[in-house]
Structure formats: C-alpha cells, structure tokens
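S.K.: Structure provided below as structure tokens; questions to follow.
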Amino acid sequence: MSVLLLLYRASRPNIAVLGQARADGSFQDVERNSDVAAVPGVVIVRIESGLFFANADMVRDTIRAKAADPNVNAVVLDAQTIPAIDFTAAHMLIELGRDLQRQGKRLVLARQVGQVRGHPRYGTGSERDRVLSIRASGGRRTPRREPRRRRPVKPAGRGGLRRSAHSRGPPCDVPS
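Position one of the sequence shown corresponds to residue 26 (the numbering used here), numbered consecutively onward.
Now the structure itself:
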C-alpha cells in the first residue's frame, strides 16, 4: 500500500507559481504568501519533485495551462528544487519549449538541476549559473568544447592503396 501511495505522490508533484516579494525581492510561492506579486508577462514555476516518466505528462499539461494566458511571453522553470531529470522528462521539456516557441513564447530553465549542481564538468560558482538553459528552440546550452580533430589519412602502404584513419573496412582502391 505504501509503495502505491509513494508512486501516486511522485506522479503528482506540487508545482508552485512564484512571484516576487515586495519586501526583499525574493521569489516565493504566490498561493502561500500574500505579499508576493507576479512578474508581468512571465510565469515562474517551481516543481518540487524530480522530473521523470511518471510525472512528465502532468508537469507538461500544468505548465501549458499556466502559459495559456495571451499576456504571457515566457515561462521560467526554477530547477533548484528538482533533484533529477530522466530522459523522458528532458525530452518533454524540449518538446514543451518547441510548443511554446510556436505560440511566440519562451521556456527558460533557471538555476540548476540537482544532478548538475557541483558536477566538475560544469564548473562551480558563477560559471555554474549558466550551465543549462532550455531555449524555446529546445536546445541545450552547455559550455563549448573543442571540436574533435580528425586524424590525417595514413600514407600509402603496400600496393599503393590508401586507407582512411576512420574507415573500418578494407582499403579503398584509390592509388596514391
């Protein structure tokens, strides 16, 4: 019974709409605090659970409903409270970004998902704050890597046949 209850709760996470507090400028849940004002033209949502296959559709539908207002230009997903995202949920976010783009809106991922936070590949401190950003095009922004260098073509061997460093088959019939 408790496993079923756990699955039920995990498949329906709390999705809070955030607004800016007048007192200190922090972003807080609009429903829980009356001293919070929504940011005009922007819906800021915080998912208080991991994103995975069991809740991806529910999260997508909820965000779409909140972004349906014609005055909304962008949806910001505060990812700080998301400990993990699986492949299905990541694909859902990319598709959601594309859907919103077709409507003239933008999906932005703010802060970092728990899996990325403190990961050596993505850096620390201020570098870390720009690691992931789901754009409306559905792209993922990560620090740029050096392009892979191709190995040069090997010199002609016996019989005057050349073989590419990347080919896996027999040498080609190109005389050197």
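Every residue gets a Cβ at the ideal spot worked out from N, C-alpha and C, and that includes glycine.
1) Just checking my contact of V70 with V28 at CB under 8 Å: how many whole Å lie between their CB atoms?
2) Distance check for G75 and G122, CA to CA, integer angstroms please.
3) Take A92 and list the residues in its own chain whose beta-carbon comes closer than 8 Å to its own, dropping the five residues that flank it on each side.
4) Thinking C-alpha only, which one of L102, T106, P108 is nearest I119?
5) Residues bridged to R131 by DSSP?
6) Taking 8 Å as the threshold (C-beta atoms), are S36 and N80 in contact?
7) When you compare each of Q45, L132, A114, N58 to F78 by their alpha carbons, which one comes out closest?
8) When DSSP labels each residue in this structure, what does A114 get in the three-state scheme?
9) Figure out for me which residue from A109, R47, A46, I88 has the closest Cα to the Cα of V133.
10) Near D104, what residues of its chain come up, given a Cβ to Cβ distance below 7 Å and the 5 sequence neighbours on each side ignored?
M.R.: A quick look at the data gives this:
1) No, V70 and V28 are not in contact; Cβ-Cβ is about 28 Å, not under 8 Å.
2) 19 Å
3) V68, V100, L125, Q128, K130
4) L102
5) A99
6) yes
7) A114
8) helix
9) I88
10) Rather than Asp, the amino acid found at residue 104 in this sequence is Ala. Contacts found: L134, A135, R136, Q137, V138.
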